[in-house]
Amino acid sequence: MGALRIALLYWRVAALNELQYRANFFIQLVQAAIGFGTGVAVILLVFSHTNELNGWDAYELLALFGVQMLLGGVVHSAVQPAMQKMMDDVREGTLDYVLTKPLDAQLLVSVREARVWRLVDALGGLTIIVYALTQVERAVGLEDVAGFLVMIVLGAAMLYCFWLVLATMSFWVVRIWAVNDLFEGLYQTGRWPIGIYPGWLRYGLTFLVPIGFAVTVPAEAVTARLDWDAAVGAAAFALVAIVLSRAVFRRGLKSYSGASA
Amino acid sequence: MSVAARTPVREEGRLRSYLDFYATTMRTAVQANFQYRADTFLYMTGTIIEPVVYLVVWSTVARAQGDVAGITAGGFAAYYIAWTLVRQFNLAFTPYGWEWRIREGRVSANLLRPIHPIHYDIAEFAGWKFVNVVVWIPVAVVLVLIFEPALHPGLEDVLTFVPALWGAFLLRSLNLWTLGLVSFWTTRTAPLFELYILLELLLSGRLVPLQVMPGWAETIAAVLPFKWTFGFPIEALVYDLPVSELVGGLAIQTAWIVGMWTLMSVVWRRAVRRYSAVGN
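Structure representation (structure tokens):
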């Protein structure tokens, strides 16, 4: 619980800091609208040529897009800024300031920075999901919504672990500006159900990069098409990812030489 | 260009010094980027995923019903693999870069140089492309083996493709550079840039081949510059276009480059005036 208190404290400071710049809210609104427009245009375009894509109809795909946008908003506001700061600090040797504090290093690097306004994306995604659900033909029950909530939390956790591993690479390879581009590129694959990708890519996007578990599984849950195997698999994978990413981070920390070395 | 016209006497020496400048800057860019191969490779992976996603989606649709707007699964594979090379070429200095320069006050240093600052950005990115193409080749081989493109270019297609690649780079550099100059008036160019990317996605052939778009969108795309920065080189290589269309395409691309260069020069002159007004 102490960890949660620290996280909330840091996020509150970040929020207060950012709330000073209110114009950014409108800019984020414009950007979210552009992202939303692109996503919907693509779905419309695909479905002007076909009625279903790998067993998903247009509204189910819209729900999937909503999930992708929701999780994207969470990652961009709470995960990516902190990871970016950590990579900068490793490069400049200023990570010392984190390591000298009497708290868990992983906790500190993960909560130091946040962007409140990016939550606009998350709200937009949530709106899309709700709208899509009113149009979907399958009957979506309460247990589906509950499953969705669990799966989306696990999804966010997996994306965090993935980012942490990426950012930890900066301990060994110092200049990795492209990590952000890499994540954005990989994350775009989440707009489509994982099943449409050819085998090798599907496995890569499920186990190497947890996009399949993180985005497709919650979307399956909310459109009442999730089976238990996938749910249990996602939960198990999330657990493995949490343990593994922590081990990688600790390993990376050992090779950090600091500013004075 | 106009600078050179003012001093006709030293025309020849000026051209030589431009060539020299470009050769040196490009060489430096190649060396700098070869040092950070891991970075280039990650960047490449990020840019390769985008077309692979489009390719997977559209070939799924094409396989289910034979073709989409006349393009088969193999046709989509050819289109999007050519796309990956075009993308390596049309990467250019973005408005984000300009925003950073203005915010950090880096422009003064650029102004002190004796030549127009756009040359520096163009030369640096042009050099970077040689590194990217080297890293791109193995990636392309893998993509070809996996997706089996239907690609049978003639000699005239290849001869158009190569200059069209550089033309696409030049035109996209000019578009983004001019857009970036808006940072002299407001430091919030991100929404403008994203709007540009949205238009580019839909109207350049980046997201889908233009013939897959509805007819009216194709008509709009024909009169806008986006197509000449992305779709045209791909179409020249992948489709079986008649020579008249290939040559005509290069001519239109060149016309856009000349037009954008003029616009860029005008905006730059106003931007610099504004900059000194703020700085003093």
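Chains A and B, in that order, give the protein sequences. Sequential numbering of the first sequence, starting at 0, is according to numbering that gives the first Met the number 0. Sequential numbering of the second sequence, starting at 0, is according to numbering that gives the first Met the number 0. Ideal placement from N, C-alpha and C gives every residue a C-beta, glycine not left out. None of these values were measured; they are calculated from a predicted model.
Can you tell me the Cα-Cα spacing of glutamate 147(B) and tyrosine 202(A), whole angstroms?
-> 21 angstroms
Can you tell which of Glu217(B), Thr27(B), Thr83(B) has the C-alpha that lies nearest to the C-alpha of isoleucine 136(B)?
-> Thr83(B)
Just checking, does the region 224-241 of chain B make contact with the region 164-179 of chain B on the three C-beta pairs under 8 angstroms criterion?
-> yes
Is DSSP giving isoleucine 114(B) helix, strand or coil here?
-> coil
Alpha-carbon spacing of asparagine 50(A) relative to glutamate 59(A), whole angstroms = 12 angstroms
Distance between phenylalanine 33(B) and threonine 27(B) (C-alpha atoms, nearest Å) = 10 angstroms
Can you name the residues of chain B whose CB is closer than 8 angstroms to the CB of glutamate 183(A)?
-> Gly45
Examine chain B for any beta-carbon lying closer than 8 angstroms to the beta-carbon of tyrosine 202(A), and answer yes or no.
-> no
Alanine 67(B) (DSSP reduced to helix, strand or coil) | Reading off the sequence, residue 67(B) comes out as valine, not alanine. In this structure, valine 67(B) counts as strand in the three-state DSSP scheme.
In three-state terms, what does DSSP make of tryptophan 176(A)?
-> coil
Name the chain A residues that come within less than 8 angstroms of threonine 59(B), Cβ to Cβ?
-> Leu52, Asn53, Ile195
Would you tell me roughly how many angstroms separate the C-alpha atoms of isoleucine 219(B) and alanine 62(A), rounded to the nearest one?
-> 30 angstroms
Please classify leucine 165(A): does DSSP put it in a helix, a strand, or coil?
-> helix
Using the beta-carbon count (16 or more within 10 Å), is valine 8(B) buried or exposed?
-> Because valine 8(B) sits at a pLDDT of 49, beneath the cut-off of 50, its placement in the model cannot be relied upon, and the following sentence gives the value as read from the coordinates. Counting Cβ neighbours within 10 Å, valine 8(B) comes out exposed, since fewer than 16 surround it.
Less than 8 angstroms separating the beta-carbons of phenylalanine 75(B) and leucine 41(B)?
-> no
Do you know whose CA, among Phe24(A), Ile42(A), Asp143(A), Ala77(A), lies nearest valine 60(B)'s CA?
-> Ile42(A)
Span separating the alpha-carbon of leucine 245(B) from that of phenylalanine 192(B) = 30 angstroms
Kindly say whether glutamine 67(A), judged by its beta-carbon, lies nearer than 8 angstroms to any beta-carbon of chain B.
-> no
Grouping DSSP H, G and I as helix and E and B as strand, with all else coil, what is tryptophan 55(A)?
-> strand
Using a Cβ cut-off of 9 angstroms, pull out every chain B residue sitting near valine 78(A), in sequence order please.
-> Ordered by position in chain B, no residue passes the 9 angstroms Cβ test against valine 78(A), which lies about 17 angstroms from the chain.
Environment of tryptophan 199(A) [buried if 16+ CB atoms lie within 10 Å] = exposed
Pick from Val119(A), Ala223(A), Tyr196(A), Val164(A) that is closest to valine 135(A), judged by C-alpha positions = Ala223(A)
At a Cβ threshold of 8 angstroms, is tyrosine 42(B) touching chain A?
-> yes
What residues in the region 31-60 of chain A have a beta carbon less than 9 angstroms from any beta carbon of chain B?
-> Ile33, Gly34, Gly36, Thr37, Ala40, Val41, Leu44, Val45, Ser47, His48, Thr49, Glu51, Leu52, Asn53
Quick one: residues in its chain with C-beta nearer than 8 angstroms to the C-beta of alanine 14(A), no 5 flanking neighbours on either side, listed in chain order?
-> Ala113, Val115
Should alanine 3(B) be labelled buried (16 or more other beta-carbon atoms within 10 Å of its own) or exposed?
-> Since pLDDT at alanine 3(B) reaches only 46, below the 50 mark, its modelled position is unreliable, and no value is offered.
Return the CA-CA distance between methionine 85(A) and glycine 34(A), expressed in angstroms with no decimal places.
-> 27 angstroms
Which runs of the alpha helix (DSSP H) spanning at least 4 residues fall entirely within the region 136-215 of chain B, listed in chain order?
-> 154-179, 189-202
Please go through the same chain and pick out, in chain order, the residues whose beta-carbon is closer than 7 angstroms to the beta-carbon of alanine 91(B), but skip the five residues on each side of it.
-> Phe124, Phe168, Arg171, Ser172, Leu175
Every unbroken alpha helix (DSSP H) within the region 63-105 of chain A, with a cutoff of 4 residues, ordered by chain = 79-91, 95-98
Given 8 angstroms, three or more beta-carbon pairs between the region 201-214 of chain B and the region 62-69 of chain B = yes
Just how far apart, CA to CA, sit leucine 28(A) and valine 119(A)?
-> 7 angstroms
Quick one: what does DSSP say leucine 90(B) is sitting in, helix, strand or coil?
-> coil
Please determine if the region 66-85 of chain A and the region 98-114 of chain A are in contact, where contact requires at least 3 C-beta pairs separated by less than 8 angstroms.
-> yes
State the DSSP-derived secondary structure class of methionine 43(B), mapped to helix, strand or coil.
-> helix
How many angstroms separate the CA atom of alanine 230(A) from the CA atom of tyrosine 95(B)?
-> 41 angstroms
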